[in-house]
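**Q** Under my numbering, residues 8 to 153 are what the sequence shown spells out, in order.
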Amino acid sequence: MLKREIVVLGIALLVFACTGDPPSSPLGDSAQGQGPVVVFDLLHKPLPDIPLPNNVATRIDPASPTGRFVNVSKIAPTYLEQDLRAKADTLDGFASFAPITVSFNSPLDLSNIVERHAKNDDMSDDVMYLVDIDRESPEFGKSWPL
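(1) Roughly how many angstroms lie between the CA atoms of residue 60 and residue 133, to the nearest whole one?
(2) Throw me the rounded Cβ distance for the residue 58 and residue 45 pair, which I believe falls under 8 Å.
(3) With C-beta atoms as the reference, is residue 56 less than 9 Å away from residue 110?
(4) Between the Cα of residue 84 and those of 53, 67, 77, spot the shortest distance and give me the residue it belongs to.
(5) Helix, strand or coil for residue 120? Go by DSSP, reduced to three states.
(6) Find the nearest neighbour of residue 123 within the set 105, 47, 49, 152, judged by alpha-carbon distance.
(7) Quick one: does residue 49 have its CB under 9 Å from some CB of chain B?
(8) Return the chain-ordered list of same chain residues with a C-beta closer than 8 Å to the C-beta of residue 147, the five sequence neighbours on each side being excluded.
(9) Using a Cβ-Cβ cut-off of 7 Å (strictly less than) and excluding sequence neighbours within five positions of residue 115, which residues of its own chain qualify?
(10) Does the beta-carbon distance from residue 93 to residue 81 come in below 9 Å?
(11) Looking at residue 75: is its Cβ nearer than 9 Å to the Cβ of residue 40?
(12) Between which two residues does the alpha helix (DSSP H) containing residue 137 stretch?
(13) Do residue 77 and residue 95 have their CB atoms nearer than 9 Å?
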C-alpha cells in the first residue's frame, strides 16, 4: 500500500512541476528598451557568452588564495585547446588589470556613446561606467567613466 502511495505522490509532484508560468530571469524583469542588450548566455557553446571578468565563471574553493578558481570546461575539439583550458581551470581568478569584455546582441551607436560621455561631466547620462561593488573597498559605491 505504501509503495502505491509513493508512486501516486511522485506522479502528482511531476504533474505540478510541469505547470505554471516559466521561471523569470534570475536577475528579475526589466523594462524593454530600443537599444542593444548585453548578451548573458550560460548555455552558449563551446563556452558561455557572458561579460568577463565575472564571478559566475568561477567556482568556490577554500584551497584557492582568493577562495575561487576559474571554472572552464575542459571539453574541446583539439588536444591543444583541452590543455589550455585545463591550465586556465587552475587559475585562482581573473587578472587584476585585464580588459572587460561584454557582448551585445546588435551593434552599438558609437557616435551616440561619444556624445553622451563628452558633452559634460555628469555621469547620469553616460552610457556605461564602472562601479566598485566590493563592500570592503574604501571606494565602495564609487563610479568611474569608461
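We treat Cβ as the ideally placed atom computed from N, Cα and C, and that holds for glycine. These figures come from a predicted structure and were not determined experimentally.
**A** On the basis of the supplied data:
(1) Looking up residue 60 in the sequence shown gives position 53. Looking up residue 133 in the sequence shown gives position 126. Distance from the CA atom of residue 60 to the CA atom of residue 133, rounded to whole angstroms, is 22 Å.
(2) Within the sequence shown, residue 58 is the residue found at index 51, counting from 1. Within the sequence shown, residue 45 is the residue found at index 38, counting from 1. Between residue 58 and residue 45, the beta carbon gap of about 7 Å places them in contact (Cβ cut-off 8 Å).
(3) One-based indexing of the sequence shown puts residue 56 at position 49. One-based indexing of the sequence shown puts residue 110 at position 103. Yes.
(4) For the purposes of this step, residue 84 is taken as residue 77 along the sequence shown, with counting starting at 1. Residue 53 is the option with its Cα nearest to residue 84.
(5) Working through the sequence shown from its first residue, we reach residue 120 at position 113. It is helical.
(6) Translated into the one-based positions of the sequence shown, residue 123 becomes position 116. Cα-wise, what sits closest to residue 123 is 152.
(7) Here there is only one protein chain, and chain B is not present.
(8) The sequence position of residue 147 within the sequence shown is 140, counting from 1. Correct list, in chain order: 139, 140, 141.
(9) Counting from one through the sequence shown, the residue named residue 115 turns up at place 108. Correct list, in chain order: 43.
(10) Taking the first residue of the sequence shown as position 1, residue 93 is located at position 86. Taking the first residue of the sequence shown as position 1, residue 81 is located at position 74. In this structure, residue 81 lies closer than 9 Å to residue 93 by Cβ.
(11) Locating residue 75 in the sequence shown gives position 68, counting from the first residue. Locating residue 40 in the sequence shown gives position 33, counting from the first residue. No, they are not a contact pair.
(12) Locating residue 137 in the sequence shown gives position 130, where the first residue counts as 1. Not the alpha helix (DSSP H): residue 137 falls in the beta strand (DSSP E), residues 136-138.
(13) As a working note, residue 77 is residue 70 in the sequence shown. As a working note, residue 95 is residue 88 in the sequence shown. It is a contact, given that the beta carbons lie within the stated cut-off.
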